[in-house]
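Asks:
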Amino acid sequence: MPALAEGAFPLAPDLPRPAAEVFHPGKPKVLVAEDNPDLRLFLYDVLSDEYNVILREDGEAAFQAAIADPPDLIITDLMMPRWGGERFVRALSERRDFPNVPVLVLSARADDALRENLLEHLVQDYLTKPFSAQELRARARNLVTVKRTVDILQRELNSQASDILELTAGLVASRKSLQRSFAALQVSDRRWQGLYENTAVGIALADRDGKILSANPALQRMLGYARDEIVGVSLIELTAPCERGLTERNVHGLFDGDFPSYTVQKRYEKKEGGYLWANVSASRIPAMDEDGPMLAVIVEDITARMEAERSLAATRAELTRVARFTAMGELVASIAHEINQPLAAVITNSQAALRWLSHDEPNLVEVAAALQRANRDASLAGAVISRIRGFLRAGQIRRAPVDLARMLDEVLQMLQLMLTEAGVDPCVRLPDPPPRLIADAVQLQQVLINLIVNAVDAMREQSERAHLLQIDVVADPAGGLRFSVRDNGPGVAAGSDARMFEAFFSTKPDGLGMGLAISRSIVENHGGRLWLARDGGPGACFEFTIPDN
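Counting in my numbering, the sequence shown runs without a single skipped number right up to 633 at its last residue.
Structure follows, in structure tokens:
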């Protein structure tokens, strides 16, 4: 369609007027404020194929329509009765609760000063009459695309980058779309640059080797690097040593097309020392023009949250330790109270027997009676101890079908922070398909947690090699399942096999010595067996069986 002369619009006299506003789901909304009926209908004719068009004859009516239902784009004439376009747009800008909606001004005045003032303070684009339908469509499409991209970015930031992959895909798709017009590309670049420079999350572009090509100010601040220092630094080398192998495999997997993206929680080393805990989302950006494929990395700083969780975990551990000592104290007091009377009676009767025997003529009848009473009271003390022991061992088992994969996943999730801090890389191997198991899932998790914590503690001070934890579940030849937990730590000292399952025996300076004893009781209550397997392998390997029921 050729450019139009001032006041001339390609509308036939019999062109039907727009019907009542009918909205199509999924189409963006464009609010048009124009007092000239021919131009108003021309704008409707040009835009209605792509947008839901709302027509108003003056600025005041358009203001009310915008407040009631904010559109995706506002197109307004400057010169209108009642409220002009400038007053209309200024009234919207003064409302703090009104969202950021782009504004395209139409004017017959080629006033550069007015145009610059409006573009600087109130509007996003300025179109001088006459104009072509193609130009109007291009500018409207550009502004709506930018607005929707900004909306996506704002939603992502408000949700703390919970779905950063969709954000990155949206940015890439929007950028490709905006490249179709030069004006749209300029706006897109400005918007992206504003987001890149001012967002609170770290953003980096990297090459196939993980070397940073560019990083925004937020990531520079997080890692302690200046703008010119961070370029060329490898994200793989910045990763904590125990996680570098996995990071390198992930980066190469993205570029090789093994998977489109990944999200992980990890640590980066800061320039001045210390670690940055971060939620990291990475995806591959395809090659565009002369640029080859790149890695887009989004980094959310969660150091404060992790420190709070670590402090909370330490507090919980301390409370658990105090609770255990309190419970043990109460148990000791209870046992002492229960057996004090029969033991005191045993002593009294045994002393009486000794006195009757010390007489010149021992009274054997009284001696026998005293010894019988002592025997009775000793039996009573033994019964008290047996009852208490039975109470402690008779934990009720709630047997139910167990989802092995889910149970083991929950255990590793509960211990994730400890495993990450200790640099332990767990590996779980299950039969395929997973076998059926009827047991108390909570008690089995307690056994596995005790064994895994012991394995991690054994490897914690070992820095010369990787920390490996292997958890296997196989069918037991005698029926049921056999679980094994193996580490590559220093192993268990010879000669301690017989005592390690005793209550209160521990090789740790601060250990209570109850973990293995409790674990053995749980396994035996299920009808199984727990033992240390000395098979000549590295580290220690504990195995236990859970039979069929």
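Glycine included, each C-beta is placed from N, C-alpha and C at the ideal position.
1. Consult DSSP for Ile555 and reduce its assignment to one of helix, strand or coil.
2. Is Leu396 near the ligand PLP, in the sense that its beta carbon is under 7 Å from a heavy atom of that ligand?
3. Just checking my contact of Ala224 with Val114 at CB under 8 Å: how many whole Å lie between their CB atoms?
4. At a cut of 8 Å, does the region 381–388 reach the region 286–295 through at least three beta carbon pairs?
5. Which two residues bound the contiguous alpha helix (DSSP H) that contains Val381?
6. Is the CB-CB distance between Lys322 and Glu353 below 8 Å?
7. Report yes or no: do the region 198–217 and the region 145–154 share at least 3 C-beta pairs separated by less than 8 Å?
8. Where does the unbroken beta strand (DSSP E) through Ser298 begin, and where does it stop?
9. If you run the structure through DSSP and keep just helix, strand and coil, what is Trp440?
10. Whether or not the region 481–495 and the region 507–522 are in contact is what I'm after, with contact meaning three or more pairs of Cβ atoms, one per stretch, closer than 8 Å; do they touch?
11. Leaving aside the five residues before and after Arg351 along the sequence, list all residues of the same chain whose C-beta is less than 8 Å from its C-beta, in chain order.
12. Report all residues from its chain with a CB closer than 6 Å to the CB of Ile320; omit the five preceding and five following residues, and keep chain order.
13. Would you decide whether Leu438 is buried or exposed? Buried here means 16 or more other CB atoms lie within 10 Å of its CB.
14. Distance, Cα to Cα, Arg618 vs Gln554?
15. How is Tyr128 classed by DSSP in three states: helix, strand or coil?
16. Using only the alpha-carbon positions, how far apart do Val57 and Tyr280 sit?
17. Would Leu125 pass as a contact of Leu188 if the rule is Cβ separation under 8 Å?
18. Our contact map puts Ile41 next to Gln527 with C-beta atoms below 8 Å; I'd like the distance itself, whole angstroms only.
19. Considering only the beta carbon of each residue, do Met543 and Gly573 sit closer than 8 Å?
20. In angstroms with no decimal places, state the Cα-to-Cα distance between Ala489 and Asp516.
21. Compare the C-alpha of Asp560 against each of Ser367, Leu552, Asp632 and name the closest.
22. If you drop the 5 nearest sequence neighbours on each side, which residues of the same chain put their C-beta closer than 6 Å to that of Gly575?
23. Quick one: complete beta strand (DSSP E) runs, 3+ long, within the region 196–235?
24. Verify whether the separation of the beta carbon atoms of Ser365 and Thr387 is less than 8 Å.
25. In three-state terms, what does DSSP make of Asp632?
26. Helix, strand or coil for Asn447? Go by DSSP, reduced to three states.
27. Select from Val185, Asp541, Leu552 the residue whose C-alpha is nearest the C-alpha of Gly621.
28. Using beta-carbon positions only, say whether Val173 and Leu211 come within less than 8 Å of one another.
29. Would you kindly work out how many angstroms separate the C-alpha atoms of Ala194 and Thr229, rounded to a whole number?
30. If we count the other Cβ atoms within 10 Å of its Cβ and call it buried at 16 or more, is Leu396 buried or exposed?
31. On a Cα-Cα basis, can you pick out the residue from Ala577, Ala117, Ile138, Phe626 that is closest to Val537?
Replies: Let me lay it out:
1. For the purposes of this step, residue 555 is identified with residue 471 of the sequence shown, where counting begins at 1. In this structure, Ile555 counts as strand in the three-state DSSP scheme.
2. Among the components modelled here there is no ligand, and therefore nothing to report on the ligand PLP.
3. Walking along the sequence shown from the start, residue 224 turns up at place 140. Walking along the sequence shown from the start, residue 114 turns up at place 30. About 7 Å separates the two Cβ atoms, so the contact holds.
4. yes
5. For this step, residue 381 is matched to residue 297 along the sequence shown. From DSSP, Val381 is part of no alpha helix (DSSP H) but of the beta strand (DSSP E) over 378–385.
6. Here residue 322 is taken as the residue at index 238 of the sequence shown, counted from 1. Here residue 353 is taken as the residue at index 269 of the sequence shown, counted from 1. Residue 322 is actually Leu in this sequence, not Lys. Yes.
7. Taking a cut-off of 8 Å for Cβ pairs, the region 198–217 and the region 145–154 do not touch, as fewer than three such pairs fall below it.
8. Position 214 of the sequence shown holds residue 298. Segment 296–299, the beta strand (DSSP E) holding Ser298.
9. Position 356 of the sequence shown, counted from the first residue, corresponds to residue 440. Looking at Trp440 - three-state DSSP - the assignment turns out to be helix.
10. yes
11. The residue labelled residue 351 in the question sits at position 267 within the sequence shown. Closer than 8 Å at Cβ, skipping near neighbours: Thr323, Ala324, Glu327, Tyr359, Leu360, Trp361, Ala362, Thr504.
12. Against the sequence shown, residue 320 aligns to sequence position 236. These residues qualify, in order along the chain: Gly294, Arg328, Thr331, Glu332.
13. Start at 1 with the first residue of the sequence shown, and residue 438 comes out as number 354. That one is exposed.
14. To locate residue 618, count along the sequence shown from 1; it is residue 534. To locate residue 554, count along the sequence shown from 1; it is residue 470. The alpha-carbon atoms of Arg618 and Gln554 are separated by roughly 15 Å.
15. As a position in the sequence shown, residue 128 is number 44, starting the count at 1. Tyr128 falls in the helix class under three-state DSSP.
16. Absent from the model: residue 57. The displayed extent of the chain is 85 to 633, so no value can be given.
17. On the sequence shown, residue 125 is found 41 positions in, with the first residue counted as 1. On the sequence shown, residue 188 is found 104 positions in, with the first residue counted as 1. Note that the C-beta distance between Leu125 and Leu188 is not below 8 Å.
18. No statement about residue 41 is possible, as the shown extent of the chain runs from 85 to 633 and does not include it.
19. The residue labelled residue 543 in the question sits at position 459 within the sequence shown. The residue labelled residue 573 in the question sits at position 489 within the sequence shown. In contact: Met543 and Gly573 (Cβ atoms closer than 8 Å).
20. Sequence index remark: in the sequence shown, residue 489 carries index 405 (1-based). Sequence index remark: in the sequence shown, residue 516 carries index 432 (1-based). Ala489 and Asp516 have their C-alpha atoms spaced approximately 11 Å apart.
21. On the sequence shown, position 476 is the one that residue 560 refers to. Per the Cα distances, Asp632.
22. Here residue 575 refers to the residue found at position 491 of the sequence shown. The residues are Gly623, Ala624.
23. 209–212
24. For the purposes of this step, residue 365 is taken as residue 281 along the sequence shown, with counting starting at 1. For the purposes of this step, residue 387 is taken as residue 303 along the sequence shown, with counting starting at 1. Contact: no.
25. Taking the sequence shown and counting its residues from 1, the one referred to as residue 632 is at position 548. Correct three-state label for Asp632: coil.
26. On the sequence shown, residue 447 is found 363 positions in, with the first residue counted as 1. Three-state result, Asn447: coil.
27. Within the sequence shown, the letter at position 537 stands for residue 621. Of the listed residues, the one whose Cα sits closest to Gly621 is Leu552.
28. Here residue 173 is taken as the residue at index 89 of the sequence shown, counted from 1. Here residue 211 is taken as the residue at index 127 of the sequence shown, counted from 1. Their beta carbons are not under 8 Å apart, which means Val173 does not touch Leu211 by this criterion.
29. For the purposes of this step, residue 194 is identified with residue 110 of the sequence shown, where counting begins at 1. For the purposes of this step, residue 229 is identified with residue 145 of the sequence shown, where counting begins at 1. If you take the alpha carbons of Ala194 and Thr229, they lie about 27 Å apart.
30. Walking along the sequence shown from the start, residue 396 turns up at place 312. Exposed, by the Cβ-count rule.
31. Position 453 of the sequence shown, counting from 1, holds the residue named residue 537. The candidate whose alpha carbon is nearest that of Val537 is Phe626.
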